[in-house]
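Notes for the one structure printed next.
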Amino acid sequence: VVWFWQFVRSLDQVKRSRLLQFVTGTCRVPVGGFSELIGSTGPQLFCIERVGKENWLPRSHTCFNRLDLPPYRSYEQLAEKFFLTPYFFINCI
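See below:
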């Protein structure tokens, strides 16, 4: 999880917006901040779950604002896997 936040800090604003869209379905932070995120059943905070195998790509559940983060062995592996996800190729309007 520490590597994830390190990765987020390394991104420019455009890539951060795309990452936010990948995880939450929206590329903008709610006016009231992250505590105001809404999921499919109402207020739903962002969470990270350690799920999967180290060769898996990160997976998101936008209805629940949840990121499934496999147990990567290094920061470099985490960054590499995120750059393979489609969110970097999504245009956020």
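The opening residue of the sequence shown carries number 15 in my numbering; numbering runs sequentially from there.
Using N, Cα and C, we set each Cβ at its ideal position, and we do this for glycine too.
Considering only C-alpha positions, which residue in the set the options is nearest to residue i?
i           : options        : result
residue 59  : 77, 70, 99, 96 : 77
residue 178 : 39, 48, 72     : A query on residue 178 cannot be resolved here, the shown segment of the chain reaching from 15 to 107 and no further.
residue 66  : 32, 87, 52     : 87
Are the CB atoms of residue i and residue j nearer to each other than 7 angstroms?
i          : j          : result
residue 85 : residue 70 : no
residue 37 : residue 74 : yes
Return the chain-ordered list of same chain residues with a C-beta closer than 8 angstroms to the C-beta of residue i, the five sequence neighbours on each side being excluded.
i          : result
residue 63 : 80, 81, 82, 83
residue 21 : 89, 92, 93, 96
residue 48 : 59, 60
residue 33 : 22, 25, 96, 101
Give every residue of the same chain whose Cβ lies closer than 6 angstroms to the Cβ of residue i, excluding the five residues on either side of it in the sequence, and list them in chain order.
i          : result
residue 61 : 80
Per DSSP, what are the beta-bridge partners of residue i in this structure?
i          : result
residue 63 : 82
residue 74 : 81
residue 57 : 52
For my contact list, residue i and residue j are in at a C-beta cut-off of 8 angstroms; report their separation, rounded to the angstrom.
i          : j          : result
residue 57 : residue 99 : Wrong, their Cβ atoms sit about 26 angstroms apart, outside the cutoff.
Note down, in chain order, each residue of its chain lying with its Cβ closer than 7 angstroms to the Cβ of residue i, except the 5 sequence neighbours on either side.
i          : result
residue 50 : 44
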